[in-house]
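Student: Mind looking over this structure? Questions follow.
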Amino acid sequence: MPDKRFVIPRQDINREAFAASIPDFNRRSEIMKTDMGYKCSITNIVRLTEQEKLFQLHILESREREIFRFRPGQFLMLELPGYGEVPISISSSCSNHEFLELCIRKAGHVTSALFNVEKGAYVAVRGPFGSSFPMDEMSGNNILLIAGGLGMAPLRSPLSWINEHRERFENVDVLYGVKEPSQLLFTYQFDEWEMINHIRLHTIVEHGTAEWNSRTGMITDLFNDITINPATTYAIVCGPPVMFKVVCSYLDKLGIPMNRMFVSLERRMHCGMGKCCRCMVGSTFTCVDGPVFDYWSVMNLKEAI
Ligand SMILES: Cc1cc2nc3c(=O)[nH]c(=O)nc-3n(C[C@H](O)[C@H](O)[C@H](O)COP(=O)(O)OP(=O)(O)OC[C@H]3O[C@@H](n4cnc5c(N)ncnc54)[C@H](O)[C@@H]3O)c2cc1C
Ligand code: FES
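Numbering (my numbering), first residue to last: 5 to 309.
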């Protein structure tokens, strides 16, 4: 068995022809030696909140669009020419082969520059990288999807998958907590999730406003609103480590086995493919072995959280 860290994907593509067709992206030579970059145009930008925007990307070459496939939970390295490259979870449905959607928070150098680009700009992506949520294994069970803040970005792809295969799952509850109501992402889809897909959505904010008429408190308070059958429940938990640590230990006490809870572990990344060691936790590459881990593995990764 070859070591999967050193397998370069998509070797069937003619790299010389591809190289000739893309503009001079940052570190292009590095990209071409290590992995394939897909040239994309930004076809739409939606401002979701003060800090987050949703970028819709279209892979320009039809042949590349055909081969680009991903699974819920995987991420991309997104390059803004002249600025650099950042790892970003794919937020869209994996059945949408026309467009990729990335929900991006303005955090620093590259993401701030992205906030200034306009529709029609060119970017490049590498990937998809990493592990994914085991959607098939979860079929036939109750599903708990738990997001804190920007955790809704990686959660939206498995949620789309569930919506598109709704008949395969029993009860689906989404627990979603943010600091303030203005930070809620994808509010325009809430009705669709609830009414059409029969997802039970529970939102909570730490600090309410005069207009906020739902729950106020911490995300764990939402557990009082739902009944959990640990024997038939799988959970996906996305958010800051402190949040998924609290949530997963609560679910653990309820009796959900650790290998049926999944988290997405984010580390600083450079190559995304097990070469630079930037993302290592102990001897584990979070870019290749993760970012999706079951909670049992996370608990056994020293200093993971
Ligand atoms: C697998 C994975 C998936 C991700 N998915 C998303 C996503 O869907 N949407 C999104 O907005 N962001 C996502 N991130 C985080 C995103 O990659 C960082 O915000 C981005 O790299 C910051 O780059 P920058 O140049 O804008 O900021 P920099 O100027 O490099 O840094 C600004 C600040 O962000 C912090 N930071 C940088 N990289 C990370 C990181 N990887 N994790 C946490 N903090 C970081 C730095 O410590 C610093 O405080 C993801 C990260 C990983 C590893
Ligand atoms: S990001 Fe380079 S080894 Fe993981």
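Ideal Cβ positions, reconstructed from N, Cα and C, are used throughout, including at glycine.
(1) Tell me, please, whether the region 120-127 touches the region 67-75 by the rule of three or more beta-carbon pairs shorter than 8 Å.
(2) May I ask you to verify whether the region 152-169 touches the region 84-98, counting CB pairs closer than 8 Å and requiring at least 3?
(3) Report the partner residues of Thr220 according to the DSSP bridge assignment.
(4) Report buried or exposed for Pro295, applying the criterion of at least 16 other Cβ atoms within 10 angstroms of its Cβ.
(5) Have a look at Lys57, His62, Met139, Ser135 and flag the residue whose alpha-carbon is nearest the alpha-carbon of Ala111.
(6) Can you tell which of Pro138, Leu188, Met277 has the C-alpha that lies nearest to the C-alpha of Phe266?
(7) What would DSSP say about Ser25, mapped onto helix, strand or coil?
(8) Keeping to the same chain, check which residues put their C-beta closer than 8 Å to that of Glu198; ignore five residues upstream and five downstream.
(9) Would you kindly work out how many angstroms separate the C-alpha atoms of Gly276 and Gln78, rounded to a whole number?
(10) Do you know offhand how far Asp229's Cα is from Leu269's?
(11) I believe Gly305 touches Gly278 by the beta-carbon criterion, under 8 Å. Please report the beta-carbon distance rounded to the nearest angstrom.
(12) Does DSSP put Arg109 in a helix, a strand or coil?
(13) With distances taken from CA atoms, which of Asn146, Tyr180, Ala151 is nearest Glu171?
(14) Return the chain-ordered list of same chain residues with a C-beta closer than 7 Å to the C-beta of Cys258, the five sequence neighbours on each side being excluded.
(15) What does a CB cutoff of less than 6 Å around Thr213 pick up in its chain, not counting 5 residues either side in sequence?
(16) Can you tell which of Val246, Val292, Glu174, His62 has the C-alpha that lies nearest to the C-alpha of His202?
(17) Can the beta-carbon of Pro244 be found closer than 8 Å to that of Gly152?
(18) Rounded to whole angstroms, what is the Cα-Cα separation between Leu52 and Ile208?
(19) Under DSSP, the beta strand (DSSP E) around Tyr126 begins and ends at which residues?
(20) First and last residue of the beta strand (DSSP E) that includes Asp177?
Tutor: According to the structure shown:
(1) no
(2) yes
(3) Here residue 220 refers to the residue found at position 216 of the sequence shown. The partner list for Thr220 (beta bridge, DSSP) reads Val209.
(4) Here the question's residue 295 lines up with position 291 in the sequence shown. Classification of Pro295: buried, given that the 10 Å Cβ count is 16 or more.
(5) Sequence index remark: in the sequence shown, residue 111 carries index 107 (1-based). Selected option, being the one with the closest Cα: Lys57.
(6) Along the sequence shown, read from residue 1 onward, the residue named residue 266 stands at position 262. That would be Pro138, whose Cα lies nearest to the Cα of Phe266.
(7) Counted from its first residue, the sequence shown places residue 25 at position 21. Confidence in Ser25 is poor, its pLDDT being 47 and thus under 50, which makes the residue's placement unreliable; the coordinate value appears in the next sentence. Ser25: helix per DSSP, three-state reduction.
(8) Walking along the sequence shown from the start, residue 198 turns up at place 194. Excluding positions up to five away in sequence, the list reads Arg204, Leu205.
(9) As a first step, residue 276 must be located in the sequence shown, where it is residue number 272. As a first step, residue 78 must be located in the sequence shown, where it is residue number 74. Taking the Cα positions, Gly276 is about 11 Å away from Gln78.
(10) The sequence position of residue 229 within the sequence shown is 225, counting from 1. The sequence position of residue 269 within the sequence shown is 265, counting from 1. C-alpha separation (whole angstroms): 27 Å.
(11) Position 301 of the sequence shown holds residue 305. Position 274 of the sequence shown holds residue 278. This sequence places Leu at residue 305; Gly is not what is there. So it is not a contact: roughly 16 Å between Cβ atoms.
(12) Here residue 109 refers to the residue found at position 105 of the sequence shown. Looking at Arg109 - three-state DSSP - the assignment turns out to be strand.
(13) On the sequence shown, position 167 is the one that residue 171 refers to. Ranking Asn146, Tyr180, Ala151 by Cα distance to Glu171 puts Asn146 first.
(14) Position 254 of the sequence shown holds residue 258. Per the sequence shown, residue 258 should be read as Leu rather than Cys. Result list for Leu258: Ile232, Pro234, in chain order.
(15) On the sequence shown, residue 213 is found 209 positions in, with the first residue counted as 1. For Thr213, where only same-chain residues beyond five positions count, the Cβ hits under 6 Å are Pro185.
(16) Translated into positions along the sequence shown, residue 202 becomes position 198. Among Val246, Val292, Glu174, His62, the Cα nearest to that of His202 is on Glu174.
(17) Taking the first residue of the sequence shown as position 1, residue 244 is located at position 240. Taking the first residue of the sequence shown as position 1, residue 152 is located at position 148. A contact, by the Cβ cut-off of 8 Å.
(18) Taking the first residue of the sequence shown as 1, we reach residue 52 at position 48. Taking the first residue of the sequence shown as 1, we reach residue 208 at position 204. Looking at the two C-alpha atoms, the distance is approximately 18 Å.
(19) Locating residue 126 in the sequence shown gives position 122, counting from the first residue. First-last of the beta strand (DSSP E) with Tyr126: 126-133.
(20) Position 173 of the sequence shown, counted from the start, is the residue given in the question as residue 177. Per DSSP, Asp177 belongs to the beta strand (DSSP E) from 176-182.
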